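In the working numbering, the protein residues as written are 77 to 453.
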């Protein structure tokens, strides 16, 4: 049986969720998947073997890795050393990396062991011609394939990776989220005698542009017409916990990885506040659409230190709203308008239809075929 080792600096992050889906398909093709990661796992895939290194929670403290390449290297050093040890012992066919921080450091050594290097890239780097970029470009020659989640990511990473080695694997919603069932009836219009339920799922920090929603919850938490639910973890979770203790209409659920629980939340909500990169929606937004829940997305991309506007076509008016997070009045006025008007059944059906058209599981098949092709060479 051919072996594949996956290297990840986090388990409680959207990038790992996307990688895990690809690895699951590879496992079905007969590959033995071993995962090496920092921190605690949530739900383990029974098809994988896991080796975890106790560590600080990435979704709370991991933004330090965005500050500089040196800090990123220091953060990931235990993972790099542990991963290289496992590679030396097992001699796998391929290594699948979560991001550049570990991949480009480990790739040259992994090639000496005869491994193929596959990068799963869901981030952003400064394409300026610097010494660091030149080093990354050299290290990038040791990789065989880089999988990104949008055309924007492909254009960005092409400054250090040969574009012929890059493929796009767009986010998709599992069939599970499209299936009927587990609905509480919450997203069939407003609930609880006209209460509008606003849900947020994801990392709770400035990077994901959810702080304006937290501020809205602070101002509107005592208004029984609104209910705010937060599911996730991050540097801003302490404030959400405080609001949940203060206001009955604010709820903090912590990090949730169970898909059945997530589906219940999406269907319970009237609307999901989410996030996007410049050219693609975040995974929670796609899953919510599959459940028939409209989305509110900030007009600026969720990229630390880079507030480019998103492509407006990502959120058609038929399935949601794009909001200026710099305008508190615009946020509050939108929520009041949604509470007064409710969410129509037609809009919910359009959300499902749009998700089926753009974000079905067919998106992953080409990626799996490309990776399988690399591995059988």
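Even for Gly, the Cβ is constructed at its ideal location relative to N, Cα and C.
Note that the coordinates shown come from a computational prediction; the quantities given were computed from them, not determined experimentally.
Discussion item. Tell me which residues share the same chain as residue 391 and place their Cβ nearer than 6 Å to its Cβ, disregarding the 5 neighbours each side in the sequence.
Written reply: Numbered from 1 along the chain shown, position 315 holds the residue referred to as residue 391. Cβ neighbours of residue 391 beyond the five flanking positions: 373, 398.
Worksheet item: Applying the criterion that 16 or more other CB atoms from any shown protein chain within 10 Å of the CB defines a buried residue, is residue 260 buried or exposed?
Response: Taking the first residue of the chain shown as position 1, residue 260 is located at position 184. Its pLDDT being 45, under 50, residue 260 is placed unreliably by the model, and the measurement read from it follows with that caveat. With fewer than 16 other Cβ atoms within 10 Å, it is exposed.
Practice prompt. Out of 322, 296, 301, 289, point me to the one whose CA is closest to residue 307's CA.
Written response: As a working note, residue 307 is residue 231 in the chain shown. Ranking 322, 296, 301, 289 by Cα distance to residue 307 puts 289 first.
Worksheet item: According to the neighbour-count rule (16 or more other Cβ atoms, all chains shown, within 10 Å of its Cβ), is residue 120 buried or exposed?
Response: In the chain shown, residue 120 corresponds to position 44, counting from 1. Exposed is the call here.
Worksheet item: Start and end of the alpha helix (DSSP H) containing residue 430?
Response: Residue mapping note: residue 430 aligns to position 354 of the chain shown, counting from 1. Residues 421-434.
Worksheet item: Secondary structure at residue 128, three-state DSSP: helix, strand or coil?
Response: Translated into positions along the chain shown, residue 128 becomes position 52. It is a strand residue.
Discussion item. Taking 6 Å as the limit between beta carbons, can you name the residues of its chain near residue 272, skipping five residues before and five after?
Written reply: Residue 272 sits at position 196 when you count from the first residue of the chain shown. The answer, listed in chain order, is 266, 302, 346, 414, 415.
Worksheet item: How close, in whole Å, do the beta carbons of residue 170 and residue 80 come, if the pair is a contact with beta carbons under 8 Å?
Response: As a position in the chain shown, residue 170 is number 94, starting the count at 1. As a position in the chain shown, residue 80 is number 4, starting the count at 1. So it is a contact: roughly 5 Å between Cβ atoms.
Worksheet item: The alpha helix (DSSP H) spanning residue 216 covers which residue range?
Response: Here residue 216 refers to the residue found at position 140 when the chain shown is read from its first residue. Looking at the DSSP string, the run of the alpha helix (DSSP H) that includes residue 216 is 207-216.
Fill in: Separation of residue 324 from residue 299, as counted between CA atoms
Within the chain shown, numbered from 1, the residue matching residue 299 stands at position 223. Within the chain shown, numbered from 1, the residue matching residue 324 stands at position 248. Straight-line Cα distance between these residues: approximately 9 Å.
Fill in: Rounded distance between the beta-carbons of residue 358 and residue 90, thought under 8 Å
Working through the chain shown from its first residue, we reach residue 90 at position 14. Working through the chain shown from its first residue, we reach residue 358 at position 282. The Cβ separation is near 7 Å, so the contact holds.
Worksheet item: Whose C-beta lies closer than 7 Å to the C-beta of residue 218 among residues of the same chain, with five residues either side of it excluded?
Response: Position 142 of the chain shown, counting from 1, holds the residue named residue 218. Taken in chain order, the residues that qualify are 183, 184, 187, 193.
Worksheet item: What beta strand (DSSP E) runs, 3 residues minimum, are completely inside the region 77-162?
Response: 79-84, 108-114, 124-129
Worksheet entry | Beta-carbon proximity of residue 310 to residue 332, cut-off 8 Å | Against the chain shown, residue 310 aligns to sequence position 234. Against the chain shown, residue 332 aligns to sequence position 256. Not a contact, by the Cβ cut-off of 8 Å.
Practice prompt. Return the first residue and the last residue of the alpha helix (DSSP H) that residue 449 is part of.
Written response: Stepping through the chain shown from its first residue, residue 449 is reached at position 373. Here the alpha helix (DSSP H) through residue 449 covers 438-452.
Worksheet item: Do you know offhand how far residue 394's Cα is from residue 368's?
Response: Walking along the chain shown from the start, residue 394 turns up at place 318. Walking along the chain shown from the start, residue 368 turns up at place 292. In a straight line, the C-alpha of residue 394 is about 12 Å away from that of residue 368.
Discussion item. Alpha carbons only, please: which of 256, 403, 377 is nearest the one belonging to residue 342?
Written reply: By 1-based counting over the chain shown, the position of residue 342 is 266. For the residues 256, 403, 377, the minimum Cα distance to residue 342 belongs to 256.
Fill in: Complete runs of the beta strand (DSSP E) confined to the region 373-425 [at least 3 residues]
396-399
Worksheet item: Nearest to residue 115 by alpha carbon, out of 151, 103, 124, 100?
Response: To locate residue 115, count along the chain shown from 1; it is residue 39. It is 151 whose Cα lies nearest to the Cα of residue 115.
Worksheet item: Between the C-alpha atoms of residue 423 and residue 236, what's the straight-line distance to the nearest angstrom?
Response: For the purposes of this step, residue 423 is taken as residue 347 along the chain shown, with counting starting at 1. For the purposes of this step, residue 236 is taken as residue 160 along the chain shown, with counting starting at 1. Roughly 42 Å between the two C-alpha positions.
Item to complete: Kindly identify the DSSP beta-bridge partner or partners of residue 178.
Response: Locating residue 178 in the chain shown gives position 102, counting from the first residue. None, per the DSSP bridge assignment.
Worksheet item: Along the chain, where does the beta strand (DSSP E) that runs through residue 221 open and close?
Response: Residue mapping note: residue 221 aligns to position 145 of the chain shown, counting from 1. Taken as a continuous stretch (DSSP letters only), the beta strand (DSSP E) holding residue 221 covers 221-224.
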